[in-house]
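Peer 1:
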Amino acid sequence: MAEKRIYEVMFIVDPDTPEEDLTRLTENLSNIITDKGGTITKNEVMGRRQLAYKVGRKNEGIYVLFEIEGTGGEIAELERRMRVSDQVMRYLTVRVDEDRQRAEKLKSRRARKASKRPGATAAA
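To convert a position in the sequence shown, counted from 1, into the numbering used here, add 156.
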């Protein structure tokens, strides 16, 4: 069995999409993940925001963030579905598990150095 990894998927939905269609889209994309064996740890609709540049004659979009734990196969299917969807304007997938491990390692290293310093107390 492949190792589980953590991914963040952010996608921008067309601002003209009605609320019920947005809900249906996020549910369909969530079901793709769970059907392929992944789990969604975070599902956040961040709302309507200004875009940095025009995308298809649109100045704004509805941002949605998924945090997914899975093997990667579900990500490929999710990206394929978003690519063919007319409602999804842009998407980005980032693997964040290595970044989090690196940050935790750095934090523990700093804590060790702080405890070795002379005069270090439990004031932290």
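Think of the CB as a built atom: it goes at the ideal place given N, C-alpha and C, for glycine as much as any other residue.
Quick check on the DSSP output: the alpha helix (DSSP H) that includes Q257 runs from which residue to which?
Peer 2: Within the sequence shown, numbered from 1, the residue matching residue 257 stands at position 101. 253 to 272 is the span of the alpha helix (DSSP H), which, as asked, contains Q257.
Peer 1: Should the region 185 to 202 be called in touch with the region 215 to 234, which here means at least 3 C-beta pairs below 8 angstroms?
Peer 2: Short answer: they touch.
Peer 1: Jot down the residue ranges of each uninterrupted beta strand (DSSP E) in the region 197 to 262, minimum 3 residues, whole runs only, in chain order.
Peer 2: 214 to 226, 244 to 251
Peer 1: Quick one: is Y163 buried, meaning 16 or more other Cβ sit within 10 Å of its Cβ, or exposed?
Peer 2: Counting from one through the sequence shown, the residue named residue 163 turns up at place 7. Its Cβ being crowded by 16 or more others within 10 Å, Y163 is buried.
Peer 1: Cα separation between P174 and E216?
Peer 2: Residue 174 sits at position 18 when you count from the first residue of the sequence shown. Residue 216 sits at position 60 when you count from the first residue of the sequence shown. Their Cα atoms are separated by approximately 15 angstroms.
Peer 1: Please work out which residues of its chain come closer than 6 angstroms, Cβ to Cβ, to V252, disregarding the five sequence neighbours upstream and downstream, and give them in chain order.
Peer 2: Reading the sequence shown from its first residue, position 96 is the one you call residue 252. If we look at V252 and ignore the five residues flanking it on each side, its Cβ neighbours are I162, E164.
Peer 1: Can you check which of these residues, Y209, G194, R213, M238, is closest to T227 by C-alpha distance?
Peer 2: Stepping through the sequence shown from its first residue, residue 227 is reached at position 71. Taking only the C-alpha atoms, the option nearest T227 is G194.
Peer 1: Where do the ends of the alpha helix (DSSP H) carrying E175 lie?
Peer 2: Along the sequence shown, one-based indexing puts residue 175 at 19. Segment 175 to 191, the alpha helix (DSSP H) holding E175.
Peer 1: Based on DSSP bridge pairs, tell me the residues matched to E164.
Peer 2: Within the sequence shown, the letter at position 8 stands for residue 164. According to DSSP, E164 bridges with E223, V250.
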